[in-house]
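What follows is a set of notes on a single structure, which appears directly below.
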Amino acid sequence: MKILLTMFVLVGLLSCNDSEIDFTAQNEQEIQAFIKANNITAQKTETGLYYVIDEPGEGKQPNSSSNVTVAYKGYFTDGRVFDESKEGISFGLDGVIPGWTQGIPFFKEGGKGMLIIPSSLAYGNRGRSGIPGGAVLVFDINLIKVNE
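Per the numbering used here, the sequence shown starts with residue 70, numbered consecutively.
Spelled out as structure tokens, the structure:
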């Protein structure tokens, strides 16, 4: 789980502006199939991030530069888990993949839900260890605390 956090920080610093392959249409098809197969009602942002709020929470609400503690499970649309932190980890939202920077602020402390992140808001064309380029990532999240 610390490896994934390190990868989030690196991606946040390097930004994924790959122009070799455009996965936008392929990611959108994959996301729509995942949503349909799992009977999910998700909201879509202008950037292509999908989110589901199961429990909005009642505590503080973070912003895109907040430091937060989040428990999560990260997996692909086929269900294969690539990372998980049941007890939660803390990090700054300004140092992770754009999908988390944009998605976590939809929740307040105690909030639970799902982020469905296209590759353009994750690891782009390059991917990372255990995550192939162009991959759609799904995260079940629980915003435990806003640390600021």
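The beta carbon of each residue, even a glycine, is placed where N, CA and C say it ideally should be.
Based on the DSSP secondary-structure assignment, which residues constitute the bridge partners of residue i?
{"i": "N136", "result": "G161"}
{"i": "K214", "result": "T138"}
{"i": "R197", "result": "I200"}
{"i": "G143", "result": "D152 and F208"}
{"i": "E97", "result": "For E97, which the question treats as bridged, DSSP gives no partner whatsoever."}
{"i": "E124", "result": "K181"}
{"i": "I186", "result": "L206"}
{"i": "Q112", "result": "Y120"}
Measure the Cβ-Cβ separation of residue i and residue j and say whether it is below 8 Å.
{"i": "P174", "j": "N211", "result": "no"}
{"i": "T138", "j": "G126", "result": "no"}
{"i": "K142", "j": "E178", "result": "no"}
{"i": "Y120", "j": "L184", "result": "yes"}
{"i": "G172", "j": "I122", "result": "no"}
{"i": "F151", "j": "G199", "result": "yes"}
{"i": "N107", "j": "P187", "result": "no"}
{"i": "A140", "j": "I213", "result": "yes"}
{"i": "N194", "j": "I90", "result": "yes"}
Taking the alpha-carbon of residue i as reference, which of the options has the nearest alpha-carbon?
{"i": "E115", "options": "K181, E89 and S189", "result": "S189"}
{"i": "Q98", "options": "D209, V215 and G203", "result": "G203"}
{"i": "A94", "options": "K214, K155, V205 and I200", "result": "V205"}
{"i": "P201", "options": "Q112, S135, S134 and T146", "result": "T146"}
{"i": "E217", "options": "S135, L118 and T110", "result": "S135"}
{"i": "P170", "options": "I213, A140, G148 and L118", "result": "Correcting the residue type first, residue 170 is Thr in the shown sequence and not Pro. Checked all of I213, A140, G148 and L118; the closest Cα to T170 is L118."}
{"i": "V215", "options": "F176, G182 and N194", "result": "F176"}
{"i": "G182", "options": "G196, Y192 and F208", "result": "F208"}
Please determine if the stretch 96 to 106 and the stretch 160 to 168 are in contact, where contact requires at least 3 C-beta pairs separated by less than 8 Å.
no
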